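Numbering (our numbering), first residue to last: -16 to 147.
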Amino acid sequence: MVLKWIFVLFSYFVQMGNCQEHCATHFDNGDCTGSGTKINHGQQYVDSDQQISSIEVMEGCELTGYSDEKYSVQIVHIKSCSGTKRKSLSGTDEDNTILSVKCVCTDGLCEWSTGSILAIAIPVNLLSLAMGVGLGLFLKKKKEVQEVEAVDYNPEYGYDDPEY
-16 MVLKWIFVLF SYFVQMGNCQ EHCATHFDNG DCTGSGTKIN HGQQYVDSDQ QISSIEVMEG
44 CELTGYSDEK YSVQIVHIKS CSGTKRKSLS GTDEDNTILS VKCVCTDGLC EWSTGSILAI
104 AIPVNLLSLA MGVGLGLFLK KKKEVQEVEA VDYNPEYGYD DPEY
């Protein structure tokens, strides 16, 4: 059942949403002005000049910047939940070091703070509750057995015979 919930939630969040063509723009200067290079939804882009100093990510999209052409060494991750998000890399270690980027726009990208958390939290809490009740019943039964064994071998009660 838990695996089914994970699959349903995963499918919901990776679906192609927002369907806007323009996902982000990167700029050579540090203040997101001038002529930038647009990156479309789902696009993987390689900037051989490594001149990315600022990035603008559209609402509902996320951009990941990498320092290599194989998209394996992540150095920047920007998620825009409300409105356009701008980030200047000027004066940071990331300035002019991004060689490749991936950008995606997804419906539900930022909905973890609302109903999605409940969709996970409620089944997890119910499972935890069930496990707690089960453990409590097990420990109660174990204690009862130990008390009976203690009475059976207690000479004060006259049951000192282990065969009793």
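Beta carbons are placed, not taken as given, at the ideal position from N, Cα and C, and that holds for glycine.
Note that the structure is predicted; figures quoted are calculated from it, not measured.
Take the alpha-carbon of residue 65 and the one of residue 87: they are about 15 Å apart. Excluding sequence positions up to five before and after residue 121, its CB lies less than 6 Å from no other CB in the same chain. Annotated three-state conformation of residue 58 is strand, per DSSP. Going by beta carbons, residue 82 and residue 49 fall inside the 8 Å limit. Per DSSP, the unbroken beta strand (DSSP E) holding residue 27 starts and ends at 27 to 29. Residue 35 counts as buried, since at least 16 other C-beta atoms from the protein chains shown sit within 10 angstroms of its C-beta. Put simply, the backbone Cα of residue 90 is about 30 Å away from that of residue 12. In the same chain as residue 80, and ignoring 5 residues on each side of it, the C-beta atoms closer than 7 Å to its own belong to 33, 50, 58, in chain order. Residue pairing from DSSP places residue 45 in a beta bridge opposite 62, 87.
Residue 5 and residue 18 have their alpha carbons spaced roughly 15 Å apart. Cα atoms of residue 26 and residue 110: separation of roughly 40 Å, rounded to the nearest angstrom. When 52, 125, 126 are compared, the shortest CA-CA separation from residue 85 is found for 52.
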